[in-house]
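To start, the structure under review is shown below, and the notes come after it.
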Amino acid sequence: MKKFLSAILFAPLLAFGAGAELHLDRAPDKANDMAALQNGAKIFVNYCLNCHSASYMRYNRLKDIGLNDAQIKDNLLFTAEKVGEPMKIAMQRADAKVWFGAAPPDLTVIARARASEFGSGADWLYTYLRGFYRDDKRPTGWNNVVFENVGMPHVLWELQGEQVMGADHKLNLVKPGKLKPQEFDAAVGDLVGFLKYMGEPMAEFRKQLGVIVLIFLAVIFVFAYALKREYWKDIH
């Protein structure tokens, strides 16, 4: 009985230790960079929103990153008619499953869903989007260092170019894209920053509010302690 209980208790630890270690690059922090978030929104709408929806995010939330209704309508409102509508796509999940083998996931909270012991969800996305390489054995012609045998093609290949996996298991850029490597990394950082923002649009406000609450509690503690001493001074 003791052996059985021990096996149950330590099974999760054994399973955790058996997994292969995943190296993730640190994603740049774009939380307070409105220009980067706006560029990330543009990249998302042009390259991701064709197959992936963000159905828990409404276009009017883009005003939180410095855009107005006119800018949203003129530049980003491709899958809806009104700014208050969610960022959905026309493709149905049933059709997508038939065409691609699996329906592309909704990306509203993908930056939170991909968090693991190896890094944040933003780190995973930043490494994943920069980790595609040519693989003729795959149906799409692409593979990925983070998500092996992924079904998604490299939608940003025109910007990055084409990479191949070398004999040393390192990626080599053999065909440059429209952007230089540093520029592409910056663009992916902007995109990941926007994906992270979509997962929790109020994250920065929550952090600021938390600081204010802690300062308020600290001030209240001083007055409460002084009041306590005043009440108890005669008793002591």
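Numbering-wise (numbering that gives the first Met the number 0), the sequence shown opens with residue 0 and increments by one.
Backbone N, C-alpha and C define an ideal beta-carbon position, used for all residues, glycine too.
- With a cut-off of 8 angstroms on Cβ pairs, the region 85 to 101 is in contact with the region 37 to 57, counting three or more such pairs.
- Residue nearest to residue 79 within the set 70, 57 and 95 is 57 (criterion: CA-CA distance).
- Assigned with DSSP and collapsed to three states, residue 180 falls in helix.
- A Cβ-Cβ separation of about 5 angstroms places residue 133 in contact with residue 163 under the 8 angstroms criterion.
- Taking residue 200 as the centre and dropping the five residues before and after it, the same chain places the C-beta of 60 and 63 closer than 7 angstroms to its C-beta, in chain order.
- Counting of Cβ neighbours within 10 angstroms places residue 155 among the buried residues, the total reaching 16 or more.
- Just measuring C-alpha positions, the residue of 204, 205, 150 and 131 sitting nearest residue 173 is 131.
- Taking the Cβ atoms as the reference, residue 190 lies roughly 18 angstroms from residue 71, outside the contact range of under 8 angstroms.
- The closest CA to that of residue 146, considering only 113, 92 and 159, is found on 113.
- DSSP, read as helix, strand or coil, puts residue 33 in helix.
- As for any beta strand (DSSP E) of minimum length 3 sitting wholly inside the region 84 to 168, the runs are 131 to 133, 141 to 143 and 160 to 164, ordered along the chain.
- When DSSP assignments are scanned along the region 182 to 233, no uninterrupted stretch of beta strand (DSSP E) that is 3 or more residues long falls wholly within it.
- Taking one beta carbon from each stretch, the region 22 to 42 and the region 175 to 191 have 3 or more pairs nearer than 8 angstroms; the two touch.
- Between residue 176 and residue 158, the beta carbon gap of about 5 angstroms places them in contact (Cβ cut-off 8 angstroms).
- Put simply, of 27, 45, 54 and 32 the residue whose alpha carbon is nearest the alpha carbon of residue 198 is 54.
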